[in-house]
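First comes the structure, then the notes that go with it.
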Amino acid sequence: NAGVMQNPRHLVRRRGQEARLRCSPMKGHSHVYWYRQLPEEGLKFMVYLQKENIIDESGMPKERFSAEFPKEGPSILRIQQVVRGDSAAYFCASSPGLAGGSFHEQYFGPGTRLTVT
Amino acid sequence: QKEVEQDPGPLSVPEGAIVSLNCTYSNSAFQYFMWYRQYSRKGPELLMYTYSSGNKEDGRFTAQVDKSSKYISLFIRDSQPSDSATYLCAMSLGRNTPLVFGKGTRLSVIA
Numbered sequence: 049n050a051g052v053m054q055n056p057r058h059l060v061r062r063r064g065q066e067a068r069l070r071c072s073p074m075k076g077h078s079h080v081y082w083y084r085q086l087p088e089e090g091l092k093f094m095v096y097l098q099k100e101n102i103i104d105e106s107g108m109p110k111e112r113f114s115a116e117f118p119k120e121g122p123s124i125l126r127i128q129q130v131v132r133g134d135s136a137a138y139f140c141a142s143s144p145g146l147a148g149g150s151f152h153e154q155y156f157g158p159g160t161r162l163t164v165t
Numbered sequence: 324q325k326e327v328e329q330d331p332g333p334l335s336v337p338e339g340a341i342v343s344l345n346c347t348y349s350n351s352a353f354q355y356f357m358w359y360r361q362y363s364r365k366g367p368e369l370l371m372y373t374y375s376s377g378n379k380e381d382g383r384f385t386a387q388v389d390k391s392s393k394y395i396s397l398f399i400r401d402s403q404p405s406d407s408a409t410y411l412c413a414m415s416l417g418r419n420t421p422l423v424f425g426k427g428t429r430l431s432v433i434a
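Here the protein sequences come in this chain order: A and B.
Under my numbering, the first sequence is numbered contiguously, ending at residue 165.
Under my numbering, the second sequence is numbered contiguously, ending at residue 434.
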């Protein structure tokens, strides 16, 4: 039973380039959350998606960041025109949502470490 | 005041010791409380979760929630070197809502 998968695990981008981070949730999970972990900081919520819907994007920066979770395929976090301050570890978590389990446990992937040079 | 406060440590204990990790929070609306373990350069791993106040035990781990004091704890008995990691507390307002994390406490268990 594969866990949450993220790729790439490491991503290096120059300032001004675009970064695309992918997340495949656990089998049977229909809810995806993205979090960012800056050095020496805790995990901060960015966005919560269900298939084809953004449920909560209150933690997402207003510019340059976008996320999607299409009907088919992984969830994508996209960062346009990256800056050095975007360097961080980006984690996604999936949960079964209301359809499964008594609780909405969130299971995390291994993360994508983005370095902007 | 931050929503969730957690002493970052580092905390260093000898093997076999009882470890106590704690978080305080300010939002009394939080209902679900979790502890995650994160090894260096890995994703967080869910250890325990609790709904509302009370205790929950799983093997060497015990989670406690005191909503009246807005205080949660994780106890690790008979600590092992393999327990060396960063421990993150997290909480949420309800089912299917984002998690709010503490900064994490770095624990080292010395053999």
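The beta carbon of each residue, even a glycine, is placed where N, CA and C say it ideally should be.
In this text the structure is predicted, and so the values were computed from the model without any measurement.
* Asked: For G159 (chain A), which three-state DSSP category applies?
  -> The residue labelled residue 159 (chain A) in the question sits at position 111 within the first sequence. DSSP places G159 (chain A) in coil when its eight states are reduced to three.
* Asked: Around the C-beta of V327 (chain B), are 16 or more other C-beta atoms found within 10 angstroms, so that it is buried, or is it exposed?
  -> Counted from its first residue, the second sequence places residue 327 (chain B) at position 4. Counting Cβ neighbours within 10 Å, V327 (chain B) comes out buried, since at least 16 surround it.
* **Identity of the residue in A:D134, A:Q129, A:G159 nearest S142 (chain A) by Cα** => In the first sequence, the residue the question calls residue 142 (chain A) occupies position 94. The shortest Cα separation from S142 (chain A) among A:D134, A:Q129, A:G159 belongs to A:G159.
* Asked: Is it right to say Y355 (chain B) is buried, meaning 16 or more other beta carbons lie within 10 angstroms of its own, or is it exposed?
  -> Position 32 of the second sequence, counted from the first residue, corresponds to residue 355 (chain B). So Y355 (chain B) counts as buried.
* For Y348 (chain B), decide whether its Cβ has a neighbour in chain A, counting only Cβ atoms nearer than 8 Å. => Residue mapping note: residue 348 (chain B) aligns to position 25 of the second sequence, counting from 1. No, Y348 (chain B) does not count as interfacial toward chain A.
* Closest by C-alpha distance to L416 (chain B), when choosing among B:S363, B:N350, B:G382 -> Here residue 416 (chain B) refers to the residue found at position 93 when the second sequence is read from its first residue. Checked all of B:S363, B:N350, B:G382; the closest Cα to L416 (chain B) is B:N350.
* Helix, strand or coil: how does DSSP classify R70 (chain A) here? -> The count along the first sequence starts at 1 and reaches residue 70 (chain A) at position 22. R70 (chain A) falls in the strand class under three-state DSSP.
* With a cut-off of 8 Å, does the C-beta of E105 (chain A) fall near any C-beta of chain B? -> Reading the first sequence from its first residue, position 57 is the one you call residue 105 (chain A). For E105 (chain A), the answer is no, since every Cβ of chain B falls outside 8 Å of its Cβ.
* Asked: Looking at the unbroken beta strand (DSSP E) that takes in P337 (chain B), where does it start and where does it end?
  -> Here residue 337 (chain B) is taken as the residue at index 14 of the second sequence, counted from 1. From DSSP, the beta strand (DSSP E) with P337 (chain B) extends over 334-337.
* To do: Could you check the C-alpha separation between P109 (chain A) and W82 (chain A) for me, to the nearest Å?
  => In the first sequence, the residue the question calls residue 109 (chain A) occupies position 61. In the first sequence, the residue the question calls residue 82 (chain A) occupies position 34. Near 12 Å, if we compare the C-alpha coordinates of W82 (chain A) and P109 (chain A).
* Taking C-beta pairs closer than 8 Å, name the residues in chain B that H79 (chain A) reaches, listed in chain order. => Along the first sequence, read from residue 1 onward, the residue named residue 79 (chain A) stands at position 31. Near H79 (chain A) (Cβ distances below 8 Å), the residues of chain B are N419.
* Asked: Is S78 (chain A) helix, strand or coil by DSSP?
  -> Taking the first residue of the first sequence as 1, we reach residue 78 (chain A) at position 30. Reduced to three states, the DSSP call for S78 (chain A) is coil.
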